[in-house]
Amino acid sequence: KELLTVNRLYKTYRESGTIVEAVQDVSLSICEGECLGLVGESGSGKSTLARLLLAIEPPDSGEIQLNGESLLALKGSALRKARRHFQVVFQDPNASLNQRLPVWQSIMEPLDNFPDVKPPFLADVRYCRRDTAVKLLEMVGLQAGHMERYPHELSGGQRQRVAIARGISLMPKLLICDEPTSSLDVSVQAQILQLLKNLQSELRMSYLFISHDIVAVRIMSDNIIVMKEGCIVDRFASQEIMSPN
Ligand code: ADP
Ligand code: ADP
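If you're matching positions, the sequence shown starts at 2 in the UniProt record's numbering and goes up one per residue.
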């Protein structure tokens, strides 16, 4: 069943006389539970596409549908409600974390904003914000003792785990991972990929996994699209590459 459908999306930037066609005629779909990989070199339009999906910016034209409902027509509280189904994990975990707050408060922010959302994995948690944060930390492999720490007191990998805990807290239908391992030490990249993979099968979320690293994309994805200069230039199933025959 199709979760997300993107139809003929365009986004152009005009800056001091230059025109950049950042996203051009992009169409794609993501099914429930699917992980779609998006590869392309720096500047190919991947992050712009992610921002359009997250409704951080509007496209110039095109359609974005969630479960068949058009997102671009939504405003106000209807848009706010729809947006909770799309969460993001950025390349830099600090982009998701308030440096002045202990990490448990950053983790709880999305749930605080949507008090009526109760994800099934929190069903056995006594409704108390701290217990909820402990459960979320546990789901990303961090001990409860980390909850009072501040981001600067954690390693890069731990910070990204916290950002992931925040990203899954509302049990989004789609988790957009924009270069989630690119800022991390090579030694922890595989651990974060493993965590994302485990969470996907546990929570049955769909992913859009964005990376310039074809190996990571292949490990994570069912299907892969390749972007170049704003356009989708190739599409294939993950098994089609690097298979023995
Ligand atoms: P990524 O890490 O996905 O490549 P970046 O945020 O580094 O994304 O930006 C990619 C490119 O987009 C860079 O060349 C950057 O200069 C350009 N860019 C991003 N935001 C802006 C902006 N507000 N104005 C001009 N250029 C921008
Ligand atoms: P990627 O994520 O693949 O690195 P981006 O989506 O960041 O690519 O950038 C695509 C193109 O759009 C680049 O040429 C970049 O410089 C440009 N761009 C991105 N954001 C902006 C912006 N806010 N203002 C102007 N140009 C931008």
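Glycine included, every Cβ here is placed at the ideal spot set by N, Cα and C.
query                                                                                                              : result
Beta carbon nearer than 5 Å to a non-hydrogen atom of ligand 2                                                     : Tyr-14, Glu-16, Val-21, Ala-23, Ser-43, Gly-44, Ser-45, Gly-46, Lys-47, Ser-48 and Thr-49
Helix, strand or coil at residue 1 according to DSSP, with G and I counted as helix                                : For residue 1 there is no data in the structure shown, the boundaries of the chain being 2 and 246.
Proximity below 7 Å, CB of Ile-165 to CB of Thr-182                                                                : no
When Gly-231, Lys-174 and Asp-125 are compared against Thr-13, the one with the closest alpha-carbon               : Gly-231
Alpha carbon of Val-21 to alpha carbon of Ser-239, nearest angstrom                                                : 30 Å
Spatial neighbours of Thr-49 in its chain, beta-carbon cut-off 6 Å, leaving aside the 5 residues before and after  : Lys-12, Ala-23 and Val-24
Candidates Gly-63, Leu-137 and Arg-160: closest to Gln-190 by CA position                                          : Arg-160
Range of the contiguous alpha helix (DSSP H) that encloses Thr-133                                                 : 130-140
Beta-bridge pairing of Met-228 - partner residues as DSSP gives them                                               : Ile-233
Runs of alpha helix (DSSP H) wholly within the segment 48-87 (minimum 4 residues, chain order)                     : 77-84
Cβ neighbour criterion (16 or more within 10 Å) applied to Asp-179                                                 : buried
Integer-rounded CB distance, given that Val-126 should sit under 8 Å from Thr-133                                  : 5 Å
Residue range of the unbroken beta strand (DSSP E) whose run includes Ala-145                                      : Where Ala-145 is concerned, there is no enclosing beta strand (DSSP E), given that its DSSP letter is neither H nor E.
Sub-7 Å separation of Val-89 and Ile-169 beta-carbons                                                              : no
Run of the beta strand (DSSP E) containing Glu-42, from where it starts to where it stops                          : Unbroken run through Glu-42: none, as it is neither H nor E.
Continuous beta strand (DSSP E) stretch holding Val-163: start and end                                             : It is not in any beta strand (DSSP E) - Val-163 instead sits in the alpha helix (DSSP H) that spans 157-169.
Proximity to Val-216 [Cα-Cα], best of Arg-162, Leu-112, Leu-39 and Ala-56                                          : Leu-39
Buried versus exposed call for Glu-139 [16 or more other C-beta atoms within 10 Å across all chains shown]         : exposed
Outcome for residue 247 when other beta-carbon atoms lying within 10 angstroms are tallied against a minimum of 16 : No statement about residue 247 is possible, as the shown extent of the chain runs from 2 to 246 and does not include it.
N- and C-terminal bounds of the alpha helix (DSSP H) containing Ala-96                                             : Per DSSP, Ala-96 belongs to no alpha helix (DSSP H) and is neither H nor E.
Same chain, Cβ closer than 6 Å to Arg-9, neighbours up to 5 away in sequence not counted                           : Asp-26, Ser-28 and Gly-63
Rounded distance between the beta-carbons of Arg-162 and residue 1, thought under 8 Å                              : The first residue shown for the chain is 2 and the last is 246, placing residue 1 beyond what the model contains.
Per-residue DSSP class, three states only, for Asp-26                                                              : strand
Segment contact flag, the segment 141-151 with the segment 110-126, C-beta cutoff 8 Å, min 3 pairs                 : no
With 16 other Cβ atoms within 10 Å as the buried cut-off, status of Lys-47                                         : buried
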